[in-house]
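In our numbering, the protein residues as written are 1 to 354. For every residue, glycine included, the Cβ atom is placed at its ideal position computed from N, Cα and C. Bear in mind that the values here come from a model prediction, so they are computed numbers and not experimental data. What follows is a short report on a single structure.
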C-alpha cells in the first residue's frame, strides 16, 4: 500500500485514517490519489485489526473540491489513456465505498464538490460542519453529475436531486441533512476530539457501527434550518416536468424572484448536458448502483470526445477563466434527441467492468 504526499495514510488505534493532502488545490483528487485510496480501503477491509475508516481533507477550506478536470480534459483532447483510466478508477472507488463492509466516516469540513462528493456520500457516516459547502456543478463545465450522482441525486426527496444536478446549486450542512446526503452535524472545532474518541474506543463493546455512534454522540450539535425547504414547492412543481423545455417554461411562467434566479443559473449551463442530465437522473432512480455507474461510464466517455462541451467548459471556467463558454448547440431547443442518445451508447472499449 503506497503512501505518498498527496494522500496521507495512518492507523490510530483500530481506525484507518485517510487525509487528502493537496490543500492548495482544495484537495482535488488525481488518478494516483484515487488508486492509493482504493488500495488502502482494500487492505484495511481485509485487516481484522481495522474496525473503521476515516477520510478527511487537509486544511480548513475543503474536504475535496472535485477531480483534476484540467488534466482529464487535456488527456481527452489528445486521446491519452488517462482520460479513460481516471474515470474507470474513480467509479470503481465510488463502488468500493458504497459496498464497504466497515464504517466509512467522511468528515466533510469545507468545500465538498463533484469527485469529493463521490468520496463521501456513498459511505455510511457522513459528518458535516458549519463550513461544509456541497455542490454538483458539472453541467457548468459541460459534464453531468457523475461519481454516482445517477444513484444518490435521483433518490433525494421530490425533485431536489434533479434541481441540484441541473443547476449546481450549493447546499450547507442543514440542507444536506434534510435531504439525506449527510448523517450528523458537528462543529468543525470538535474534529480532533472526535477522532481521539474513535482512536481510544473499546471496539469489543458492540458492533463497529454502534461504537462509531457512541463516539459521535458527545460531539453532535443542531445544524439549524437550511434554505432549501423554503423552495421545495417551487422546485417540485417546476422540475417535475418531463422535458427540459417544459422545466424552463414552468420557471418562466412562475415568475417569482426565486424562479428567475434558477433560470439565470440554468442559462449558464451546457444546453446539451442539461438535457442529458435530465435523462440520466430519470433513469437513475430505476437502476441499481452498479448499473448507474456503468451508465455514467458510457456517458463520460462520450462527454470527453475531442471538441465536446466539456473541453470548452473547462477552458472557459478553469483555464482561460473568461467564464464565457461557447456551447454547441447554444440553446436547449437546438439539442436533438440523437445528441442526447449518443451519451448512453456503449463505448468502443466496452462497458465499465468491476
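Who are residue 50's beta bridge partners in DSSP?
DSSP, once it has assigned bridges, lists no residue as partnering residue 50.
Going by DSSP, which residues form a beta bridge with residue 16?
Answer is 11, 53.
When DSSP builds the beta bridges, which residues end up paired with residue 418?
Because the chain here runs from 1 to 354, residue 418 falls outside it and cannot be looked at.
Quick check on residue 282: buried or exposed, where buried means 16 or more other Cβ atoms within 10 Å of its Cβ?
Classification for residue 282: exposed.
In chain order, what are the residue ranges of uninterrupted beta strand (DSSP E) at least 3 long that sit wholly in the region 140-172?
For the region 140-172, not a single whole beta strand (DSSP E) run of length 3 or above is found.
Which residues does DSSP list as the beta-bridge partners of residue 355?
As displayed, the chain neither begins before 1 nor continues past 354, which places residue 355 out of reach and without an answer.
Sort out for me which residues DSSP pairs residue 62 with in a bridge.
Its beta-bridge partners are 111.
In three-state DSSP terms, what is residue 1?
Any reading at residue 1 needs caution, since the residue's pLDDT is 47, under 50, leaving its predicted position unreliable; the model's value is listed next. The answer is coil: DSSP assigns residue 1 none of H, G, I, E or B.
Suppose you measure from the CA of residue 120 to the CA of residue 94; what does that come to, to the nearest Å?
Answer to the nearest angstrom: the Cα atoms are 9 Å apart.
Identify the residues that DSSP records as bridge partners of residue 135: which are they?
Looking at the DSSP assignment, residue 135 forms a beta bridge with 113.
Could you tell me the distance, in whole angstroms, from the CA atom of residue 1 to the CA atom of residue 240?
In this prediction, residue 1 has a pLDDT of 47, which is less than 50 and means its spatial position is unreliable; nothing more can be read from the coordinates.
For residue 34 versus residue 90, is the C-beta spacing smaller than 7 Å?
In this structure, residue 90 lies closer than 7 Å to residue 34 by Cβ.
To the nearest angstrom, how far is it from the Cα of residue 285 to the Cα of residue 182?
Roughly 19 Å separates the two Cα atoms.
Could you have a look at residue 225 and say whether DSSP puts it in helix, strand or coil?
Here residue 225 sits in coil by DSSP.
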